[in-house]
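A.B. asks: A single structure is presented below for examination.
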Amino acid sequence: MKLILAVIEDDDAAVLMDALIEEKFSVTKLASTGGFLLRGNTTLLIGVDAAQVDHVLHIIRRVCVRRKKIMPQAPSEIPTSVPMPIEIESGGAAVWVIDVDQFHRI
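Those letters in the sequence shown? Residues 0 to 105, per numbering that gives the first Met the number 0, in order.
Now the structure itself:
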C-alpha cells in the first residue's frame with residue numbers, strides 16, 4: 000500500500016477531489032498554508048495500492064496545471080515608488096509517495 004501526499008492550491012482542490020472520487024479513490028482533505036506568499040493550499044491524503052499510483056499521478060497532473068497569474072505587488076518601503084502588479088507562476092502540485100506498512104480503519 001502507498002500513501003500519496005499532494006499539496007495543491009486551494010483553487011484546484013475541489014476539482015481534483017471530484018476527479019479522484021469519480022475514479023473511486025478515497026481522499027482526505029487537510030487545510031494547510033505555506034509556500035510563496037503564504038497563500039492557502041490544500042493537502043490531500045490518498046491511500047492506494049502500489050499499482051494505482053501512476054493512475055492517481057496522471058489525474059493530479061491533468062487537474063493541477065501550472066499557470067501564470069497577475070498579483071498585486073505589496074507596497075514598497077520607499078514611499079515614492081508606485082507598486083506594480085507582478086506575474087507569478089501558480090498551480091501544479093508537490094507530491095510524495097510513501098510506503099505504508101500498516102493501515103487500520105478503527
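A virtual CB, placed ideally from N, CA and C, is assigned to each residue, including glycine.
None of the values given here were measured: they were computed from a predicted structure.
Span of the alpha helix (DSSP H) holding M16?
C.D. replies: Counting along the chain, M16 sits inside the alpha helix (DSSP H) bounded by residues D9 to E21.
A.B. asks: Taking the Cβ atom as the reference point for each residue, do A18 and I58 lie within a distance shorter than 9 Å?
C.D. replies: yes
A.B. asks: Quick one: Cα of L96 to Cα of T27, how far?
C.D. replies: Correcting the residue identity first, residue 96 is Val in this sequence and not Leu. Cα to Cα, the separation comes out at about 15 Å.
A.B. asks: By DSSP's criteria, M137 is part of a beta bridge. Which residues make up the other side?
C.D. replies: Examination of residue 137 is not possible in this model, given that the chain is present from 0 through 105 alone.
A.B. asks: Report yes if the CB atom of V94 is closer than 9 Å to the CB atom of A5, and no otherwise.
C.D. replies: yes
A.B. asks: Is the distance from the Cβ of I7 to the Cβ of T41 below 9 Å?
C.D. replies: yes
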